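Residue numbers (my numbering): 1350 to 1498.
The beta-carbon is built from N, C-alpha and C at its ideal position, and this holds for glycine as well.
The structure presented is a predicted model; accordingly, all values stated were derived computationally and were not measured.
Input: a single structure, listed below in structure tokens.
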Ligand SMILES: Cc1cc2nc3c(=O)[nH]c(=O)nc-3n(C[C@H](O)[C@H](O)[C@H](O)COP(=O)(O)O)c2cc1C
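See below:
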């Protein structure tokens, strides 16, 4: 089995960062190494040569996600990373996150990216994610890593 998992993500207020750190610790206990880039903390774009998963919280400009409120704010830097050096072609899927109080807009930006870049929308979690989310998403990513062999 491939013992490495590569993650590209953005975290502006720390929730996704906390999720990725806890996911990394959980996977380490299963002998899997996570290599994660938080684009907020990595100013220079890089070519990502290994297959990777993207994790993207939603930041939208208000509204209801249907007739309005579908315009991404604060996170477009992640789409620049995906466009850079054809990185999106090596992204095997995206995981959305957000806050369910946003109703229809919950995790909407990741759904928009899946359509726009043509990779699958794998699943989502809310805010920092529960322990159950960590275990569920760790299993999913270990399955995906197996498929790459
Ligand atoms: C300005 C702003 C807009 C947001 N818009 C949405 C939204 O449209 N849909 C959603 O599900 N969550 C929305 N959220 C909630 C964030 O996606 C959520 O808090 C997420 O966990 C933030 O991740 P981070 O702490 O890693 O940056 C918004 C948060 C902020 C601050």
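{"Check": "Tell me, please, which residues DSSP counts as bridged to residue 1508.", "Outcome": "Any property of residue 1508 remains undetermined from this structure, which presents the chain solely from 1350 to 1498."}
{"Check": "Distance, Cα to Cα, residue 1357 vs residue 1476?", "Outcome": "17 Å"}
{"Check": "Would you check whether ligand 1 has a heavy atom nearer than 8 Å to the C-beta of residue 1356?", "Outcome": "no"}
{"Check": "Listed by chain order, which residues have C-beta atoms less than 6 Å from any heavy atom of ligand 1?", "Outcome": "1360, 1361, 1362, 1363, 1364, 1365, 1366, 1406, 1407, 1408, 1409, 1446, 1447, 1448, 1451, 1454, 1455, 1456, 1457 and 1476"}
{"Check": "Based on the DSSP output, what are the partners of residue 1406 in its beta bridges?", "Outcome": "1446"}
{"Check": "Spell out the partners DSSP gives residue 1383 in its beta bridges.", "Outcome": "1354"}
{"Check": "Does the Cβ of residue 1452 have 16 or more other Cβ atoms within 10 Å, making it buried, or fewer, making it exposed?", "Outcome": "exposed"}
{"Check": "Please go through the same chain and pick out, in chain order, the residues whose beta-carbon is closer than 8 Å to the beta-carbon of residue 1389, but skip the five residues on each side of it.", "Outcome": "1359, 1360, 1361 and 1426"}
{"Check": "Roughly how many angstroms lie between the CA atoms of residue 1436 and residue 1400, to the nearest whole one?", "Outcome": "9 Å"}
{"Check": "With the cut-off set at 9 Å, would you say residue 1363 and residue 1407 are in Cβ contact?", "Outcome": "no"}
{"Check": "In chain order, what residues of the same chain have a beta carbon less than 6 Å from the beta carbon of residue 1353, not counting five sequence neighbours either side?", "Outcome": "1382"}
{"Check": "Here's a check: name, in chain order, each residue in its chain whose Cβ is nearer than 8 Å to the Cβ of residue 1461, leaving out the five neighbours to either side.", "Outcome": "1419 and 1421"}
{"Check": "Taking DSSP as the reference, what is the three-state secondary structure of residue 1471?", "Outcome": "strand"}
{"Check": "Give me the Cβ distance between residue 1487 and residue 1375, rounded to the nearest whole Å; I'm assuming they're in contact under 8 Å.", "Outcome": "5 Å"}
{"Check": "For the alpha helix (DSSP H) containing residue 1362, name the first residue and the last one.", "Outcome": "Unbroken run through residue 1362: none, as it is neither H nor E."}
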